[in-house]
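Novice: Residue numbers (my numbering): 19 to 301.
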Amino acid sequence: MVRSGVLVRLRGGAFVDARTWSRLDEIGRYGLRCRAVLGQAKAPVVLSHVSGLPEWDAPTWGLPLDDVHVTRTDGIRGRRAVGVQQHVGTVRPEDLTTVNGVPVMTPARLALESVTMGNSEAALAVLNDLTHRGLVTGPELRDQYVAMQTWPGIAAAEVLLRLLDPRIESVGESRTFWAIYQQRLPRPVAQYEVKDSSGRVLARLDFAWPELRVWLEFDGRSKYEKYRRPGESIADAVVREKAREDLVRRVTGWRCIRITWADLQDPVRLATIIHRALYPQAA
């Protein structure tokens, strides 16, 4: 059935319908591999680290998806298998839960585990996402950090918890915020509300520097798809977004910076663009 294209082999002894596989993106396929490892485990394990994130619909951008990560709950060290990293460490009862019928670490534990994987930018996106959606709170993350503060690689969490901002809504916004921090630019206000004289909210801005009269919008394709109205094309959404920008400019008199994913590939150049907008007199 694999040779004929009916099934796709996830790993030895685990298969999925080829039509289902074809409809999945990279994260969905990784999630199935993770479930296959769980289904074949001979020891008590739960999905952990990056492997638990798909069950919570959390972002995995920038985190390695080569291996499946599980943690044993019996405290016994096991063998490493091909494509599987089996972790052993202190597991508290409050670290464990079940989502979608799958045993997995809690959002607080997964968020801090993502920090130990070595990519602080990616970990910040995880922390912001989980807090933005109300799956975990800042105090809960700090309590988790205290419980894990002797772990290798966890030290970066101290900085990330200071940068944490539940108002940040997407990976693109988290990466933008990280670039601003890394390039030592002034910290902006996330999701800044522009109001009229009666207090009615006219617009919410991705980031703003009110005292410098500048705001920044991150333009990812998903932004227009997510907020597209019924019957509206992406082109219509773009036109509506331009009208929104003109309204904000008329009401506030501020300058607007628009960036895309491509701009995030060169943080130094991006910092120059933002700096010139913030301090035009110095350009």
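By construction, the Cβ of each residue, glycine as well, lies at the ideal position given by its N, Cα and C atoms.
Alpha carbon to alpha carbon, how far is R21 from Q103?
Specialist: For R21 and Q103, the distance between alpha carbons rounds to 29 Å.
Novice: On the CB-based measure, 16 or more other CB atoms within 10 Å of its CB, does V215 come out buried or exposed?
Specialist: Note that residue 215 corresponds to Ser in the displayed sequence, not to Val. Label assigned to S215: exposed.
Novice: Please state whether DSSP places W227 in a helix, a strand or coil.
Specialist: strand
Novice: DSSP three-state call for P121: helix, strand or coil?
Specialist: strand
Novice: Starting from the C-beta of L203, find all residues in its chain whose C-beta is less than 8 Å away, skip the five residues before and the five after it, and write them out in chain order.
Specialist: These residues qualify, in order along the chain: A289, I292, H293, L296.
Novice: If contact is defined by three or more beta carbon pairs under 8 Å, each pair taking one atom from either stretch, is the stretch 86-93 in contact with the stretch 147-166?
Specialist: no
Novice: Taking just the CA atoms, how far does A221 sit from I94?
Specialist: Spanning the two alpha carbons is a distance of roughly 54 Å.
Novice: Please classify A18 as buried or exposed, where buried requires at least 16 other C-beta atoms within 10 Å of its C-beta.
Specialist: Since the displayed the chain opens at 19 and closes at 301, residue 18 lies outside it and no answer follows.
Novice: Report yes or no: do three or more beta-carbon pairs, one from the stretch 59-73 and one from the stretch 103-122, lie closer than 8 Å?
Specialist: yes
Novice: So, at 7 Å on beta carbons, what are the nonlocal neighbours of R53 in its own chain, with the 5 sequence-adjacent residues on each side left out?
Specialist: For R53, same chain residues with a beta-carbon under 7 Å away, outside a window of 5 residues either side, are V120 in chain order.
Novice: Alpha carbon to alpha carbon, what distance is there between E259 and E139?
Specialist: 28 Å
Novice: Is V88 close to the ligand FAD? I mean its beta-carbon at under 6 Å from any heavy atom of the ligand.
Specialist: You won't find the ligand FAD in this model; it holds no ligand whatsoever.
Novice: Roughly how many whole angstroms lie between the Cα atoms of I275 and G136?
Specialist: 30 Å
Novice: In chain order, what are the residue ranges of uninterrupted alpha helix (DSSP H) at least 4 long that sit wholly in the stretch 94-175?
Specialist: 125-133, 138-150, 156-166
Novice: Determine the extent of the alpha helix (DSSP H) in which Y48 is found, giving its start and end residues.
Specialist: 44-58
Novice: DSSP has I277 in a bridge; who is on the other side?
Specialist: F236
Novice: With burial defined as no fewer than 16 other Cβ atoms inside 10 Å of the residue's Cβ, what is the status of P170: buried or exposed?
Specialist: exposed
Novice: If contact is defined by three or more beta carbon pairs under 8 Å, each pair taking one atom from either stretch, is the stretch 268-282 in contact with the stretch 225-238?
Specialist: yes
Novice: Out of G31, V24, H105, state which residue places its alpha-carbon closest to the alpha-carbon of T38.
Specialist: V24
Novice: Does the Cβ-Cβ distance between L142 and P125 come in under 7 Å?
Specialist: no
Novice: Would you mind sorting N118 into buried or exposed? The rule is 16 or more other CB atoms within 10 Å of its CB.
Specialist: Taking a 10 Å sphere around the C-beta of N118, we find fewer than 16 other C-beta atoms and assign the residue as exposed.
Novice: Can you give the Cα-Cα distance for W211 and A226, rounded to whole angstroms?
Specialist: In the sequence as displayed, the identity of residue 211 is Glu instead of Trp. Rounded to the nearest angstrom, the two C-alpha atoms are 9 Å apart.
Novice: Just to confirm my understanding: we take G96, look at its own chain, exclude 5 residues before and 5 after, and list those with CB closer than 8 Å. What are they?
Specialist: Hits under 8 Å: A61, R90, Q104, V106.
Novice: Got a sec? Which residues, its chain only, sit under 6 Å from P184 by beta carbon, not counting five neighbours each side?
Specialist: T149, H150
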